[in-house]
Each structure stands twice: as structure tokens, then as C-alpha cells.
Amino acid sequence: MPPVQLPNNGNGRSSPMPTQSQLLSDGDLQRDQSSAENSQDAVALEQAPYQGKTHVSTLPEICDLLNCQVTVESPSPSGSKKYAKVPQTGPFAPIQRIRQAAEDSAINAYGTIRESNPELVQEFEVKWIAWKEAWYSDKVSRSSNARDRCCCNEFHELFHIGPIIRPLVIYKLLDPGNWTGVFLYNYLENDKKYLIDPGDVINFLTMQLHNNLIVNINQGREW
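To convert, note that position 178 of the sequence shown is 180 in this note's numbering; the numbers rise steadily by one, no gaps.
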């Protein structure tokens, strides 16, 4: 398997971070979040994975809305009754950065799994690349809703590997261009303690912030 290049976040840490309002005014992200805030259906889709004692994954609901045929099931969230404790963020606050210790933790977890289970990492990498390429397919790229990237066979191929790939997904979130992986992480994670509260609108719907918070709350996690 070719070596996996680690994301380079060194110099980027000293550059000014965009504010929430700047992100919310940017093209596709603006449309994604406006849609999520103004549409009851979108809000229901975001909140559904975290409600109820028994739960069928919202993937079928998303796919129904997008006229897809693929469905999957996942267990309901368990463990802690409360969502992750994260700082409250105002609309004009800068995006919280990924902590260096959290970045190191994600890299170490990835490296440990690559050593102990190289076949799993190879399968994940191949399917991750395939899913990422699907983001720019004609069907998906025409959509202004980032969740549409979950309604493709390539996403389901990744999802069906199972929760064992969560630390690998977190590692991918070190690259800010991979924030779409937030959706995959949220579908795989079944402990609210490691999920962002969907009622926390700014932290949940600002995707780059949501991305960074996921990495931070998983710092030092035992896999």
C-alpha cells in the first residue's frame, strides 16, 4: 500500500481564522446552512440520528428525499445521555482551531491502526478516495446541499465497514477540505458524548467548526 501523507497543518495554525459569519456567507456552505435552518425537513434529518431508544439510520430518509434506493441500518445512540461539552460559539466568533494535542492524538490513532490492521486501513483508504471522487460527480456537484454527498454507493461502501473506522475518519478531518467526513462520522458514532448537539445551531451547522470540534472531543480517546 502506498504511504499515506499526513496533513500539513504547521504553518496554517498561525494564519487568521475566518469568522462564523464569513463562512456562512461563502457559496455552497451558505446555501447548505440556510437550507438546514429554514427547512423543517432538513432540521429533522439533522436531529433524527440522535433521538429515540430504537433507531433506523436517517440514511434511508435522506436517500428517499434524494430519490436514491440504497438503505442501511445502524443502532441508536447509547452511552452518555448528554452531548459533548464544547464551548458556546457566537455568530461572529472565530472558528475554533484543532488543538495540537488533538491533532497528535488523531495521527497516533491512525498510525496504531495502520500497524495493527493494515488491511482495514487499505480498504478504508480505497473507499474513502472513491467517495471523495463522487463528491464531484455530475449528480452530486450540481447540488447545493452537502448532505447529497452521502447519497451514493461510495458512501454506503464506507459506512458498511462499520464504526471501527471512526478513528480513521477523524484523521481525515485534520484536512479542512475533508469536512464532508463529518456526516460519515455522525452516522457511525453511537455515543452522544462524542457527538455535537444538533440543537447547538452554530456549532452543529457551521461545518468547518463542527469538523474541528469532532477532532478535539476525541483527543486521547481509547479505541
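Don't be surprised by glycine CBs; every beta carbon is placed ideally from N, CA and C. The model shown is predicted, which means the values in this text are computed figures rather than measured ones.
inquiry  = Report the CB separation of I166 from L122 in whole angstroms; it is logged as a contact under 8 Å.
reply    = In the sequence shown, counting from the first residue as 1, residue 166 sits at position 164. In the sequence shown, counting from the first residue as 1, residue 122 sits at position 120. That pair is a contact at about 7 Å.
ask   = Residue range of the alpha helix (DSSP H) that R116 falls in?
value = The residue you call residue 116 lines up with position 114 of the sequence shown. Here the alpha helix (DSSP H) through R116 covers Q102 to S118.
request  = Determine, using beta carbons only, whether I97 and Q210 come nearer to each other than 8 Å.
outcome  = By one-based count along the sequence shown, residue 97 stands at place 95. By one-based count along the sequence shown, residue 210 stands at place 208. Yes, the Cβ-Cβ distance between I97 and Q210 is below 8 Å.
ask   = Which first and last residues belong to the alpha helix (DSSP H) in which Y189 is found?
value = Counted from its first residue, the sequence shown places residue 189 at position 187. G183 to L190 is the extent of the alpha helix (DSSP H) around Y189.
message = Taking 6 Å as the limit between beta carbons, can you name the residues of its chain near N213, skipping five residues before and five after?
response = Here the question's residue 213 lines up with position 211 in the sequence shown. Result list for N213: L175, W181 and V184, in chain order.
query = Within the chosen definition, does the stretch 192-208 reach the stretch 138-153 through at least 3 CB pairs nearer than 8 Å?
reply = no
Spatial distance of H158 from R99 (CA atoms) = For this step, residue 158 is matched to residue 156 along the sequence shown. For this step, residue 99 is matched to residue 97 along the sequence shown. Roughly 30 Å between the two C-alpha positions.
request  = Specify the secondary structure class of S193 as computed by DSSP and reduced to three states.
outcome  = Translated into positions along the sequence shown, residue 193 becomes position 191. Going by the sequence as given, residue 193 is Asp instead of Ser. Strand at D193.
ask   = How long is the line joining the alpha carbons of A111 and F161, rounded to whole angstroms?
value = On the sequence shown, position 109 is the one that residue 111 refers to. On the sequence shown, position 159 is the one that residue 161 refers to. The straight-line gap from Cα to Cα measures roughly 19 Å.
task = State the DSSP-derived secondary structure class of A132, mapped to helix, strand or coil.
result = On the sequence shown, residue 132 is found 130 positions in, with the first residue counted as 1. Reduced to three states, the DSSP call for A132 is helix.
task = Measure the alpha-carbon distance for A103 versus V217 and round it to whole angstroms.
result = Counting from 1 along the sequence shown, the entry for residue 103 is found at position 101. Counting from 1 along the sequence shown, the entry for residue 217 is found at position 215. In this structure, the alpha-carbon of A103 lies about 10 Å from that of V217.
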